[in-house]
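In terms of the numbering used here, the sequence shown opens at residue 1 and continues consecutively. Some notes on the structure that comes next.
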Amino acid sequence: MKYLILILTIAALTSIILGFTLQVDYAQKLIGFGVAGLFLIVFPLFSYHRWKDKNLKDYMLTKENLDKMRENQKRNKL
Numbered sequence: 001m002k003y004l005i006l007i008l009t010i011a012a013l014t015s016i017i018l019g020f021t022l023q024v025d026y027a028q029k030l031i032g033f034g035v036a037g038l039f040l041i042v043f044p045l046f047s048y049h050r051w052k053d054k055n056l057k058d059y060m061l062t063k064e065n066l067d068k069m070r071e072n073q074k075r076n077k078l
């Protein structure tokens, strides 16, 4: 998955750079496909890859997590 994301990122960035540097009729399409590829394919894949094994409750502000934060704050002040 990591290599697929890397390849797609390089392809999208290459498309954007080529769209700016080449003087062809479809330069704007290259830029558009590169940006669309980044935002519609690469970013969701990257987000899924980074969050797939994480527990979402660890990142939510629940009463238990707030109590843990307060306890850690008191411990660090001493």
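We put the CB at the ideal spot given by N, CA and C, even for glycine. These figures come from a predicted structure and were not determined experimentally.
Can you tell me which of the options puts its alpha carbon nearest to the alpha carbon of residue i?
i          : options       : result
residue 13 : 42, 2 and 51  : 42
residue 2  : 40, 44 and 58 : 44
What residue range does the alpha helix (DSSP H) around residue i cover?
i          : result
residue 28 : 27-37
residue 73 : 63-77
residue 17 : 2-21
residue 45 : 43-51
Just to confirm before moving on: does the CB-CB distance between residue i and residue j stay below 8 Å?
i          : j          : result
residue 19 : residue 28 : yes
residue 49 : residue 10 : no
residue 16 : residue 31 : yes
Let me check you understand the geometry: is the CB of residue i closer than 7 Å to at least one non-hydrogen atom of the ligand ZN?
i          : result
residue 72 : Ligands displayed in this structure: none; no statement on the ligand ZN is therefore possible.
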